[in-house]
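J.: First the structure, which I've put down as structure tokens, then a few questions once you've had a look.
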Amino acid sequence: AQRVTQPEKLLSVFKGAPVELKCNYSYSGSPELFWYVQYSRQRLQLLLRHISRESIKGFTADLNKGETSFHLKKPFAQEEDSAMYYCALRTGGTSYGKLTFGQGTILTVHP
Amino acid sequence: KAGVTQTPRYLIKTRGQQVTLSCSPISGHRSVSWYQQTPGQGLQFLFEYFSETQRNKGNFPGRFSGRQFSNSRSEMNVSTLELGDSALYLCASSRDSGSEGEQYFGPGTRLTVT
Numbered sequence: 004a005q006r007v008t009q010p011e012k013l014l015s016v017f018k019g020a021p022v023e024l025k026c027n028y029s030y031s032g033s034p035e036l037f038w039y040v041q042y043s044r045q046r047l048q049l050l051l052r053h054i055s056r057e058s059i060k061g062f063t064a065d066l067n068k069g070e071t072s073f074h075l076k077k078p079f080a081q082e083e084d085s086a087m088y089y090c091a092l093r094t095g096g097t098s099y100g101k102l103t104f105g106q107g108t109i110l111t112v113h114p
Numbered sequence: 490k491a492g493v494t495q496t497p498r499y500l501i502k503t504r505g506q507q508v509t510l511s512c513s514p515i516s517g518h519r520s521v522s523w524y525q526q527t528p529g530q531g532l533q534f535l536f537e538y539f540s541e542t543q544r545n546k547g548n549f550p551g552r553f554s555g556r557q558f559s560n561s562r563s564e565m566n567v568s569t570l571e572l573g574d575s576a577l578y579l580c581a582s583s584r585d586s587g588s589e590g591e592q593y594f595g596p597g598t599r600l601t602v603t
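One line per chain: the protein sequences are A and B, in this order.
When we follow the numbering used here, the leftmost residue of the first sequence carries the number 4, and every step to the right adds one.
When we follow the numbering used here, the leftmost residue of the second sequence carries the number 490, and every step to the right adds one.
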């Protein structure tokens, strides 16, 4: 069975500092990996997915199959980045509708 | 386009009762997934419906069930409610094909069981 681990429950940084939210997964096949974000009083929304290789709001994430990791990075954090971040995995095929989430990391960016 | 809507937004029930939650997906989306979110367990997958058929199921007891209608709207039902069922229930819809397989989440229904 697949599993997603986000080792940090809380992460605090100062504005302008680099930030890295860690995500490790276990799955024997080739998964799709995602980062979802939930800002205060807003619904959960997709931030980025590994297959698109985009940079959204300055965030990037690279899938490292050797280390089974998909860490989220941003070189210069902003106060508006403060939110709950979830890493999620999908196994594909007919499992398109099933996401396995990590426990989430609350990021706080201090002024 | 209108987002995923869920009704009701808040619900208070008593142990032993049953409850039905509703989810209206984005127009054109055929897949609806349900998740339970709690502080202790995080986000856990309940089940997914596609074209009125349950396609995937999570590890929840049979008290949790769902269905999908021909217009893709979905309902989930929880029977014989327990205190531990108190949670935020999220539904998500997707087109279910390639790059359009992104899941869009609703605001959730907050269920409190007393």
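Backbone N, C-alpha and C define an ideal beta-carbon position, used for all residues, glycine too.
1) Tell me, to the nearest whole angstrom, how far the beta carbon of residue 562/B is from that of residue 499/B; I am working on the premise that it is less than 8 angstroms.
2) Quick check: is the beta carbon of residue 77/A nearer than 8 angstroms to any beta carbon in chain B?
3) Given residue 11/A, which residues of its chain have a CB within under 8 angstroms of its CB, disregarding the five upstream and five downstream residues?
4) Should residue 558/B be flagged as near chain A, meaning a C-beta pair shorter than 8 angstroms?
5) Report yes if the C-beta distance between residue 100/A and residue 537/B is below 8 angstroms; otherwise report no.
6) Is the distance from the Cβ of residue 74/A to the Cβ of residue 64/A below 8 angstroms?
7) For residue 585/B, return the contacting residues in chain A, with the cut-off set at a CB-CB distance below 9 angstroms.
8) Taking CB distances under 8 angstroms as the criterion, tell me whether residue 443/B reaches chain A.
9) Going residue by residue through the region 493 to 517 of chain B, where are the continuous beta strand (DSSP E) segments of at least 3 residues, counting only ones entirely within it?
10) Residues of the region 527 to 547 of chain B in Cβ contact with chain A at a cutoff of 7 angstroms, in chain order, please.
11) Alpha carbon to alpha carbon, how far is residue 565/B from residue 56/A?
12) Using a Cβ-Cβ distance under 8 angstroms, would residue 579/B count as near chain A?
13) Beta-carbon of residue 550/B versus every beta-carbon of chain A: anything under 8 angstroms?
T.: Quick look at the numbers:
1) Taking the first residue of the second sequence as position 1, residue 562/B is located at position 73. Taking the first residue of the second sequence as position 1, residue 499/B is located at position 10. Going by Cβ atoms, the distance from residue 562/B to residue 499/B rounds to 20 angstroms, so no, they are not a contact pair.
2) Here residue 77/A refers to the residue found at position 74 of the first sequence. No, residue 77/A does not count as interfacial toward chain B.
3) On the first sequence, residue 11/A is found 8 positions in, with the first residue counted as 1. So the qualifying residues of the chain are 24, 25, 108.
4) Here residue 558/B refers to the residue found at position 69 when the second sequence is read from its first residue. Answer no: the Cβ-Cβ gap between residue 558/B and chain A never drops below 8 angstroms.
5) As a first step, residue 100/A must be located in the first sequence, where it is residue number 97. As a first step, residue 537/B must be located in the second sequence, where it is residue number 48. Yes, these two residues count as a Cβ contact at 8 angstroms.
6) Walking along the first sequence from the start, residue 74/A turns up at place 71. Walking along the first sequence from the start, residue 64/A turns up at place 61. Yes. Within cutoff.
7) Looking up residue 585/B in the second sequence gives position 96. The contacting residues are 99, 100.
8) No statement about residue 443/B is possible, as the shown extent of chain B runs from 490 to 603 and does not include it.
9) 494 to 496, 499 to 502, 508 to 513
10) 531, 532, 534, 537, 539, 544, 545
11) Here the question's residue 565/B lines up with position 76 in the second sequence. Here the question's residue 56/A lines up with position 53 in the first sequence. So the two alpha carbons sit approximately 35 angstroms from each other.
12) By 1-based counting over the second sequence, the position of residue 579/B is 90. It does: the Cβ of residue 579/B has a partner Cβ on chain A nearer than 8 angstroms.
13) As a first step, residue 550/B must be located in the second sequence, where it is residue number 61. It does not: the Cβ of residue 550/B has no partner Cβ on chain A nearer than 8 angstroms.
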